[in-house]
Amino acid sequence: MTKVKALCPRCKTEMTLISEIERSNGVRHINRYYRCPACTLRLMDESYRITEDGERLLLRVIQDEKRPIIIKVG
Ligand SMILES: [Zn+2]
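Numbering (my numbering), first residue to last: -12 to 61.
So this is what it looks like as C-alpha cells:
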C-alpha cells in the first residue's frame, strides 16, 4: 500500500491533515489544512463551500494552486 506524507517545508516534520467545519448563514465551510506539530506552520490544502437551497446542495471546491508541500511517497 502506498502511503503519502506531507512534509513541512520549514522543518521537514510530517504534517497532520486537519479538517474544520464552520457554519454561517446556512453556508457550510469545510477547510482542510496541513499543520506541522513541531513548528505549528499551517498550509491550506482545500476548502469546500456547501450551500443548500431547500432542494439541492451546491458544492464548491476551492483549491490552493500553490500548495508548497513536499510529498514523500513510499
Ligand atoms: Zn515544521
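We put the beta carbon where it would ideally sit given N, CA and C, even for glycine.
Original post:
Can you tell me whether alanine -7 is buried or exposed, with buried defined as 16 or more other CB within 10 angstroms of its CB?
Top reply: Here the question's residue -7 lines up with position 6 in the sequence shown. It is buried - the Cβ of alanine -7 has at least 16 other Cβ atoms within 10 Å.
**OP:** Return helix, strand or coil for glutamate 42, following the three-state DSSP convention.
**Re:** Within the sequence shown, residue 42 is the residue found at index 55, counting from 1. Glutamate 42 falls in the coil class under three-state DSSP.
Subject >> Paired residues, beta bridge with leucine 4 - DSSP >> reply: The count along the sequence shown starts at 1 and reaches residue 4 at position 17. Beta-bridge annotation (DSSP): leucine 4 is paired with Tyr21.
Subject >> Backbone CA spacing between leucine 46 and methionine 2 [nearest angstrom] >> reply: If you number the sequence shown from 1, residue 46 lands on position 59. If you number the sequence shown from 1, residue 2 lands on position 15. Taking the straight line from one Cα to the other gives about 27 Å.
Subject >> CB contact below 9 Å: isoleucine 8 versus chain D >> reply: This model lacks chain D altogether, as it is built from one protein chain only.
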